[in-house]
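In UniProt numbering, the protein residues as written are 1 to 894.
Note that the Cβ used here is the ideal one computed from N, Cα and C, for glycine as well.
No experiment lies behind these values; they were computed from the predicted model shown.
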């Protein structure tokens, strides 16, 4: 074991509420010198809406090279020096009751250095941290607790508390007596009694020393007796017990704080070590992003001539300003040398020509810089459009849609990067020329001149790290805020219906407060840097002038000396302002480049090879055969599927049924590539489902699910989405009939050319589902059809009819249909019953329905019983809305 932690914990700000686990793990790893990509780590943690479990963090920390182990220790042991818990990832409870990961790094007196992914690096008091720690309870065997309680890890805290209460032989005698008991009871009772006594002493209810020792000695036998009688909690409240159990019980309830303790770095990975997952390999291999370098690479695609010309113009303009100052200085002595009117006219004309030339240089410089910015923005937009389809599902599932949308929306801000580069280049050139001019005027003051110029550049450069951290924090909090805006826009109707505006406002207040605090921090640091730069430049300029005057300067050069010295002050402020903008440009560009630099789901050459493969015509398409061998799927520490072993023949129509949350959608998600098997093997047509095989299967899959997006385009565009117009148009009429869309089309004002609204808002839920079905049926060359609750929102009779039509539409293809209507699956070739992530039954539905012990039959009977209860219960009325007319019909029996 090697490696020691840094003095200060690295700061990592989470980009969403579900990312505290990956952010805390990255901070812990980098604190020990393990550089890792935050984006890839989020994917490896499989962050989803439910976050990351502490078990996953422990597992990943070990795989990535840390000597890390999960512990549950008494709350006050977390910060105890002898316990050796720190540094560690611990679980705390937020004010709203939710759990949250933070990195507790080091204890400094009464302050603790922590890294809160929601707030960054902080210093909090010991009491504040202890109050926030989440106290977890779990059941352990009495023998295991006794073994642990006898170790120095537990005893160091007990001895420390006893020594504080009553230093002397009494404390050690009590510990020895407790250790002499082979059972857990005396150690647990002594620990609880000492904790109670410590609380009384801290509250001035008991004096330290002999009185406290007597209190512990007298109370301990009573506690042991109460424990034997099963009333220990009546004598000492539960919060003081580390472990407690019933008399004679073999199991105890252990209470403490859960943490992942990092002791240091492991040695080199051995050859027999299990291979890392692709996400972890990518997280370790991915080099730190150099966003501005990537922007320069984008600019170079158009050639380096134009940027080089603009740079030359900027430098020329800077030198021209120097020459202009010399000419203006020469005007003072012009009367001595230009004696005739013709000479004076020529001198004035020369000066005006130079001024005109400098003005003419500004025009191409400004215009060219703007063109570069627009060109850069265009290239980024095209790069985004080309990259998004190549990103994997895991990438999007581990990131907020609002955060990704905000990045795309912020592309226009990249226009300012070339202007910033020209500003810095020109400022540096002007400063160097001015320093050279001052040195020429006052060579004896050269050291002081260059010291002043060096400070003008060094101060803002030294402040870059601090400004960059502050700006990145501001951008991250801005990304968090975007989630609230998007949620409010998408859920505006629900917010008003449930009068939840105040709830949203309260939830919005905390991230808004953090955003404002981050903005103030950035502004405060920027103003401080500007003030220091201006003060240093002004003092330096005054010092240069006074020093030069004291060493003797020609009288005619004094005005130029003062002018250039004051110009140096202005240039220093200009450079400081430009360098103050650099962190914003860097962090903005980093957020924009992060998706572009993410690895493709499938290598480009593999995707190209799969795309070039000829797709069979729709009428001769045959189904795919696939098999899952002992497949286990995990996400965010939860097991979604376990031990799934199933094979499906080509062209087979299979229904998948089971209770909600059983894992039906997760099963089809394995074939769609949403989930990667944690163990086991997935094969399609005899090939492992990865790389080109996955890419090819997606191109041959028709997918129907309520979450499939409908676009604010025409009906025909939505139906033919992803299909070439020449292939789609001849089959539109047939698809309209099979998807039962004819009557929907009759209601649309422009027929097939009617725009369906944002998210298909012009349609009802059932009509939208039929459009999604029509889109799937229109796809050519379908070999695998996946219907996940395809007829949600439709009445029962129409569901059965549509199911039959849909099955005819994908005849020859393999069909997987996830359904909650159990009776409608009787016509399928085969049915899979999923319960709690396990495949519990597989067979012909009618055969399974005839077996009394069948899970499938139990689901059928449960569904039939619910229908009987609903139809036969008194007080129910049946209202039917048909073509806008509401009528009442008799409730059907049975």
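Just to check my reading of the structure: residue i and residue j have Cβ atoms closer than 8 Å, yes? What is that Cβ distance to the nearest angstrom?
i: residue 897; j: residue 459; result: Residue 897 falls outside the range modelled here, since the chain spans only 1 to 894, and no answer is possible.
i: residue 748; j: residue 715; result: 6 Å
i: residue 261; j: residue 71; result: 6 Å
i: residue 243; j: residue 134; result: Going by Cβ atoms, the distance from residue 243 to residue 134 rounds to 18 Å, so no, they are not a contact pair.
i: residue 767; j: residue 744; result: 5 Å
i: residue 418; j: residue 380; result: About 13 Å; that fails the 8 Å criterion.
i: residue 102; j: residue 90; result: 6 Å
i: residue 740; j: residue 770; result: 6 Å
Measuring alpha carbon to alpha carbon, tell me which residue in the options is nearest residue i.
i: residue 723; options: 700, 739, 244; result: 700
i: residue 378; options: 413, 229, 111, 747; result: 413
i: residue 112; options: 410, 125, 189; result: 125
i: residue 446; options: 535, 506, 498, 547; result: 547
i: residue 483; options: 468, 504, 234, 473; result: 504
i: residue 813; options: 639, 680, 650; result: 650
i: residue 534; options: 519, 825, 569; result: 569
i: residue 624; options: 853, 697, 845; result: 697
i: residue 518; options: 387, 500, 475; result: 475
i: residue 686; options: 741, 627, 713; result: 627
i: residue 525; options: 648, 426, 583; result: 583
i: residue 922; options: 215, 472, 488, 545; result: Nothing about residue 922 can be read from this structure; the chain reaches only from 1 to 894.
i: residue 691; options: 392, 794, 791; result: 392
i: residue 6; options: 42, 91, 74, 106; result: 106
i: residue 660; options: 203, 82, 836, 307; result: 836
i: residue 315; options: 425, 128, 22, 56; result: 425
i: residue 370; options: 407, 395, 307; result: 307
i: residue 855; options: 834, 866, 867, 868; result: 834
i: residue 437; options: 561, 384, 229, 390; result: 561
i: residue 193; options: 311, 241, 675; result: 241
i: residue 34; options: 285, 807, 689, 541; result: 285
i: residue 567; options: 588, 542, 130; result: 542
i: residue 527; options: 204, 463, 443; result: 463
Classify residue i as buried or exposed, calling it buried when 16 or more other Cβ atoms lie within 10 Å of its own Cβ.
i: residue 799; result: buried
i: residue 581; result: buried
i: residue 889; result: exposed
i: residue 31; result: buried
i: residue 614; result: At residue 614 the pLDDT is 44, less than 50, meaning the model places this residue with poor confidence; the figure from the coordinates comes in the next sentence. Flag for residue 614 reads exposed.
i: residue 764; result: exposed
i: residue 586; result: buried
i: residue 450; result: exposed
i: residue 593; result: buried
i: residue 116; result: buried
i: residue 37; result: buried
i: residue 8; result: exposed
i: residue 246; result: exposed
i: residue 550; result: exposed
i: residue 876; result: exposed
i: residue 218; result: exposed
i: residue 151; result: exposed
i: residue 148; result: buried
i: residue 695; result: buried
i: residue 123; result: exposed
i: residue 50; result: Only weak support is given to the placement of residue 50: the predicted model assigns it a pLDDT of 40, under 50, and the value that follows is read from those uncertain coordinates. Label assigned to residue 50: exposed.
Exercise. Per the contact definition of three or more C-beta pairs closer than 8 Å, is the region 775–783 in contact with the region 701–717?
Worked result: A contact exists between the region 701–717 and the region 775–783.
Exercise. Counting pairs of beta carbons, one from the region 642–658 and one from the region 818–829, are three or more of them closer than 8 Å?
Worked result: The region 818–829 and the region 642–658 touch, with three or more beta-carbon pairs separated by less than 8 Å.
Problem set entry | 3 or more residues per run - each beta strand (DSSP E) lying fully within the UniProt domain "Peptidase C39" (14–140) | List check, beta strand (DSSP E) in window: 66–73, 88–93, 99–108, 111–116, 120–125.
Problem set entry | At least three beta-carbon pairs within less than 8 Å, the region 93–101 to the region 157–176 | Contact fails: fewer than three Cβ-Cβ distances are below 8 Å.
Exercise. Considering only residues of the region 764–824, which uninterrupted alpha helix (DSSP H) runs meet the minimum length of 4 residues and lie entirely inside it, listed in chain order?
Worked result: Fully enclosed alpha helix (DSSP H) runs of 4 or longer: 765–778, 796–809.
Exercise. Counting pairs of beta carbons, one from the region 507–517 and one from the region 480–494, are three or more of them closer than 8 Å?
Worked result: Note that the region 507–517 touches the region 480–494; at least 3 beta-carbon pairs, one per stretch, sit closer than 8 Å.
Exercise. Enumerated in chain order, which unbroken segments of the alpha helix (DSSP H) with a length of 4 residues or greater are wholly contained in the region 689–767?
Worked result: Scanning the region 689–767 for uninterrupted alpha helix (DSSP H) segments of 4 residues or longer gives 692–699, 715–719, 725–728, 732–738, 742–747, listed from N- to C-terminal end.
Problem set entry | Sufficient close CB pairs (3 or more, under 8 Å) joining the region 859–867 to the region 668–682 | Contact annotation: the region 859–867 does not touch the region 668–682, with fewer than three C-beta pairs closer than 8 Å.
Exercise. Which ranges would you report for the alpha helix (DSSP H) in the region 376–411 if only whole runs of at least 4 residues count?
Worked result: Counting whole runs of 4 or more residues, the region 376–411 contains the alpha helix (DSSP H) stretches 393–397, 401–409.
For this session: Could you tell me which uninterrupted alpha helix (DSSP H) segments, each at least 4 residues in length, are contained entirely in the region 658–683, listed from first to last along the chain?
Result: Listed in chain order, the complete alpha helix (DSSP H) runs (minimum 4 residues) inside the region 658–683 are 664–672.
Exercise. Going along the chain, which unbroken runs of the beta strand (DSSP E) with 3 or more residues stay wholly within the region 530–567?
Worked result: Within the region 530–567, no complete beta strand (DSSP E) run reaches 3 residues.
Exercise. Taking one C-beta from the region 178–197 and one from the region 219–237 each time, how about it: are there three or more such pairs within less than 8 Å?
Worked result: The answer is yes - the region 219–237 touches the region 178–197, with three or more Cβ pairs under 8 Å.
Problem set entry | Unbroken stretches of the alpha helix (DSSP H), 4 residues or longer, contained in the region 155–182 | Fully enclosed alpha helix (DSSP H) runs of 4 or longer: 169–180.
Exercise. In chain order, which continuous runs of the alpha helix (DSSP H) of length 4 or greater are located wholly inside the region 192–247?
Worked result: Here the runs fully enclosed are 210–228, 232–235.
Problem set entry | Contact between the region 782–796 and the region 751–761 (3+ Cβ pairs under 8 Å) | As far as the Cβ criterion goes, the region 782–796 does not touch the region 751–761, which means the pair count is below three.
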